[in-house]
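**Student:**
Residue numbers (the numbering used here): 16 to 136.
1) Which word fits residue 28, buried or exposed, when buried means at least 16 other C-beta atoms lie within 10 angstroms of its C-beta?
2) Would the beta-carbon of residue 74 fall within 8 Å of that of residue 33?
3) Using 8 Å as the threshold, is the C-beta distance between residue 109 and residue 70 below it?
4) How many angstroms separate the CA atom of residue 128 from the CA atom of residue 119?
5) Helix, strand or coil for residue 20, going by three-state DSSP, please let me know.
6) So, at 6 Å on beta carbons, what are the nonlocal neighbours of residue 85 in its own chain, with the 5 sequence-adjacent residues on each side left out?
7) By a C-beta neighbour count over all protein chains shown, 10 Å radius and 16 as the cutoff for buried, is residue 111 buried or exposed?
8) For the beta strand (DSSP E) that contains residue 74, what are its first and last residues?
9) Opposite residue 103 in the DSSP bridges: which residues?
10) By DSSP's criteria, residue 117 is part of a beta bridge. Which residues make up the other side?
11) Compare the beta carbon distance of residue 105 and residue 87 with 8 Å and say whether it is the shorter of the two.
12) Return the bridge partner residues of residue 111 from the DSSP annotation.
Laid out in structure tokens, this is it:
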């Protein structure tokens with residue numbers, strides 16, 4: 016089995032502007048239609064489009080800097096709960112959190128395994 020030595024999770028608040036299509040059930044639905052607010056009927060927790068989004072295909076604008084929200088060494092005691100304070104760097108509607116993880120497999124200094132979009136370059 017593959018077991019990492021260290022794990023880190025980074026997050027940033029973003030304004031998700033577009034992603035997916037009606038065919039993949041990840042289409043963003045407008046929050047207003049003809050001047051009528053739709054949000055009372057389209058709560059985020061009920062929308063599949065907010066459960067998983069392919070960042071490579073999404074259109075989003077970062078509203079905060081990326082922040083380390085979790086860091087742990089596998090085998091050590093879990094880290095204590097933590098409150099994260101984020102400072103807005105741009106204006107917009109914070110309607111999504113983009114998070115990425117990194118996992119160091121050992122102490123060799125090799126690049127970590129990650130799901131970060133920049134790692135695909």
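For glycine and all other residues, C-beta sits at the position ideal for the given N, C-alpha and C. Predicted model only: the values in this text are computed from it and were never measured.
**Tutor:** Per the coordinate set shown:
1) buried
2) yes
3) Between residue 109 and residue 70, the gap from beta carbon to beta carbon reaches 8 Å or more.
4) 7 Å
5) coil
6) The beta carbon of residue 85 sits closer than 6 Å to those of 24, all from its chain and outside the five residues before and after it, given in chain order.
7) buried
8) 74 to 77
9) Residue 103 is bridged to 79.
10) 23, 129
11) no
12) 29
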